[in-house]
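Worksheet: the structure to be examined is printed underneath.
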Amino acid sequence: MKVTFPYMGTTVVYKKLLEMLGHDVILPPKPTRTTINLGVKYSPEFACFPLKVIMGSYFEAIQKGAEVIVTSGGNGPCRAGFYERVHQRILESEGYDVDFIVFDSMFRDPKTFFRNIKKLRDRTPWIQVMKSLLLIYDMIGKLDNLEKKVQCIRAYEKNRGETSRIWEKIQYDFDQAFSFASMKKAFKLGKEKLNSVPIHHIEEEEQIRIGIVGEIYVVMEDSINMKMEQVLNSLGAEVERSQYLSQWVTYNMLPKWMNWTHENAVLKKGEPYIPILIGGHAKQSVGQIVDYGQRKFDGVVHLMPFGCLPELVSQSIIPKISEDYNIPVLTISLDEQTGIANNQTRIEAFVDLVRGKRKQRLNGKTKLSRNKREHCCSSS
Amino acid sequence: MKIGIPQALLYHYYYPFWKTYFDSLEIETIISSPTNKRIMDQGVKYSVPEMCVPIKVYLGHVLELVDKGADYIFVPRFVSIQKGQFFCPKFMGLPDIIRHSFPEMEPIMISPYIESTTDDLATSIKQYQVFEEKFGISRRDNRKALKNAESVWKSFREYSLRGYDISEAAALSMNDGHKTLKQRKSEVKERFETPEVTIGVLGYVYNIYDSVISLDILNRLKEMGVKVRTFEMIDDDVLKEQLSSIPKTLFWTFSDKLFAAGNHFYHDSEIDGIIHVTAFGCGPDSMLGKLLELDSTKHEKPFMTLRIDEHSGENHLQTRVEAFVDMLKRKKRKVKRGALA
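Just so you know, the protein sequences line up as chains A and B, in that order. Letter by letter, the first sequence follows residues 1177 to 1556 of the numbering used here. Letter by letter, the second sequence follows residues 148 to 488 of the numbering used here.
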């Protein structure tokens, strides 16, 4: 089968999984302006941004010859659970005949879930399927590990763009690895490469850390969030995302009673602000901001698609959390109209503010504890 | 002790229920005034700009109730009124939005979780235990009040199904209309005797029955001699039947009802056209609207989307609605002439 999937984050992973199951994978091109325009043209005007981008990338993948689309489903209350239906209807009305394989939660409807797996498995032996799944799981863990490193190193690199180039190379290496051993080698090599990137030495008190929270698609897919991580890195801030693929997979694979993942802890932290799950990642976003606040991050960038239902709730609550934990938060809503220059200015201003705030905090501390080097306080 | 009920969102669907419930418990209620410019402005001022109008307006109503001196404010958290379905995330997080935007309001808010399996809210007493503690009410009285509320609400739904619009049905079910039922009935019949066109108006109760949010679209249509049908006038079984053939339906209860009603309107030969009234930025509607719009060509029935928000202009709405009605009339006459010739 010629399969494709929605483009999100580190696509090597899905590509690899499907390839190992013996499919012909049509990798959708990385979303560009054309993709977005194509998606916007056919999607409902007020649909959320991810729906439009994914729509566009489906059209592009179909033009490249895809016949089957593998995607995730959902059952609300966020709109994302209904994407596949709308996509299907729109493709139908445009005269494209494609098959959808939709994965809903394994616990809600195990029958369809396993039927889908069977469909995808085709003639691959079960042993092979299990092995591929394990291998992929191993791979996303390793990739996420390296990515976290990238997000720190990139802030201090001496040659602009070097880390990003190396990161691309690492992903390619992983794409070429098909066994645990070669995966391990790629991991080790990647680590070495990253460690050899020449970096500026920055004093501890000058280092700032910014967390990115928000709706999973706009957080993970850098082609539609204006390369937020790179922008923040280039302004000299270390970055951590609220969502990593490996965490997401672990959280969704484990049944409730043995779910001790980071995600669950984060949800607990969101409880005082939003007591129930209201769909999407609202509660996670809220909890994650609390988490960053507790871990003494210097600021948080909150990303959401324009008009995102759950994130609007979290956006309404954020001023309160920001006050409670004394952490600045910048909310940016993204859609096809987003202007880069205007947001660039906002981010720069935000980082300046965060820097100033950090200095203020450190100064306050030194004053309070009557630290020995007094002159340190007046340095600007 | 006075409980304030904001006249917004699902107030329009559950007012007879809540009012009767509080009355039978002898708890005094204050209802906020119908939406007006001040309420709207207050709501807009205190909410996130991207929020949809109905939620903004709700905040305005809550603020007005505080000004009016309500001791408590009733802000229920709507979670689900049907198995496997939910409300829009904004409804589910509504009490959170309010209590974190106005920290002083947290102690005076009463927000029971509304979680039941039918849209009849009396099915689970658990939601109403809050009142027992707060107002010193016995379990027995509570049950009795719920029973009363249920029966009034059922008769309200009954009136709706007979074709009365929500304000009429509410007045009738609560017996404070000036006219007797018989008079009303004949009057309604008279009015609907020879409508030239019938339009199905799709929209949430809190939009189309709020005369400021929707700019009074229902009355505008009625003045043009149009018979209006809305989703709450259709029997639940009919709606369910419409959905039975669809593999995956929407998981928001009222959107699902609208979707079913839309499909019903397409199949109902009495309906000449459909107007979809939706708030700017309404998430569920963005999906629903597109699906129905795609079907419109298949069924050859005109479909128009009216998007409203706090900046809506009256004149543009009037023009569009008039044009739509004229088009339907002309289309109908043409068909008639064609049949005669």
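Where is the CB? At the ideal position from N, CA and C, for every residue including glycine.
Item                                                                                                                                                                             : Value
Since I244/B meets chain A, which of its residues come closer than 9 angstroms, beta carbon to beta carbon?                                                                      : L1488, V1489, S1492 and I1493
If you run the structure through DSSP and keep just helix, strand and coil, what is F412/B?                                                                                      : helix
K478/B touches chain A at which residues, Cβ-Cβ below 8 angstroms?                                                                                                               : Residues of chain A passing the Cβ test: none, with the nearest at roughly 24 angstroms.
Tell me whether E1414/A sits in a helix, a strand or coil according to DSSP, three-state version.                                                                                : strand
Is the Cβ of E379/B closer than 7 angstroms to any Cβ of chain A?                                                                                                                : no
Take P223/B and list the residues in its own chain whose beta-carbon comes closer than 7 angstroms to its own, dropping the five residues that flank it on each side.            : S258, P259 and I261
Taking C-alpha atoms, which residue in I1293/A, D1314/A, S1461/A and M1315/A lies nearest to V1305/A?                                                                            : I1293/A
Using only alpha-carbon positions, find the residue among L156/B, I152/B, I150/B and M148/B that is nearest to S358/B.                                                           : L156/B
For the beta strand (DSSP E) containing F1279/A, name the first residue and the last one.                                                                                        : D1275 to F1279
Taking C-beta to C-beta, are C1328/A and P1486/A nearer than 7 angstroms?                                                                                                        : no
Going by Cα to Cα distance, which pick from K1445/A, K1459/A, R1537/A and E1380/A is closest to I244/B?                                                                          : K1459/A
To the nearest angstrom, report how far apart L397/B and S1461/A are at their CA atoms.                                                                                          : 25 angstroms
May I ask which residues mark the beginning and end of the beta strand (DSSP E) holding P1481/A?                                                                                 : G1475 to P1481
Candidates M187/B, E211/B, E279/B and F450/B: which alpha carbon is nearest I178/B's?                                                                                            : E211/B
With a threshold of 7 angstroms between beta carbons, is K192/B in contact with chain A?                                                                                         : no
For K1228/A, which residues of its own chain have a beta-carbon under 6 angstroms away from its beta-carbon, when the five flanking residues on both sides are left out?         : G1215, V1216 and S1219
Just list the beta strand (DSSP E) runs in the stretch 344-408 of chain B, keeping only unbroken ones of 3 residues or longer that don't cross its boundaries, in chain order.   : 344-349 and 373-377
Does A1223/A get closer than 7 angstroms to chain B when you measure Cβ to Cβ?                                                                                                   : yes
Report the residues of the stretch 1285-1297 of chain A with a CB closer than 7 angstroms to any CB of chain B, ordered along the chain.                                         : none
For the stretch 1419-1432 of chain A, which residues have a CB atom closer than 9 angstroms to at least one CB atom of chain B, in sequence order?                               : none
So for D1200/A, helix, strand or coil by DSSP?                                                                                                                                   : strand
Compile a chain-ordered list of the residues in the stretch 1325-1349 of chain A whose CB is closer than 8 angstroms to at least one CB of chain B.                              : none
Of all Cβ atoms in chain B, is any one closer than 7 angstroms to the Cβ of I1230/A?                                                                                             : no
If you follow the alpha helix (DSSP H) that V1395/A is in, where does it begin and where does it stop?                                                                           : I1392 to M1396
What span of residues does the alpha helix (DSSP H) with M434/B cover, start to end?                                                                                             : G430 to H446
The stretch 175-203 of chain B: which residues have C-beta closer than 9 angstroms to a C-beta of chain A, in chain order?                                                       : S194, V195, E197, M198, C199 and I202
Please confirm whether H247/B and I1523/A have their CB atoms less than 7 angstroms apart.                                                                                       : no
How many angstroms separate the CA atom of Y161/B from the CA atom of A217/B?                                                                                                    : 20 angstroms
By the criterion of Cβ-Cβ separation under 8 angstroms, what are the contact partners of G1455/A in chain B?                                                                     : F233, P236 and M239
With respect to the beta strand (DSSP E) encompassing R454/B, which residues constitute its N-terminal and C-terminal limits?                                                    : F450 to I455
Apply the 10 Å Cβ neighbour rule to L439/B and answer buried if 16 or more other Cβ atoms are within range, or exposed otherwise.                                                : buried
Kindly provide the ranges of any alpha helix (DSSP H) runs that are 4 or more residues long and lie completely inside the stretch 1414-1446 of chain A, ordered along the chain. : 1421-1429 and 1438-1446
If we require 3 or more residues per run, which beta strand (DSSP E) segments fall completely within the stretch 230-278 of chain B?                                             : 260-262
Quick one: does H423/B have its CB under 7 angstroms from some CB of chain A?                                                                                                    : no
Runs of 4 residues minimum, wholly inside the stretch 1241-1299 of chain A: which ones carry the alpha helix (DSSP H) assignment?                                                : 1259-1269 and 1286-1297
Out of T1211/A, D1500/A, G1463/A and I1508/A, which one is the CA nearest neighbour of N1401/A?                                                                                  : I1508/A
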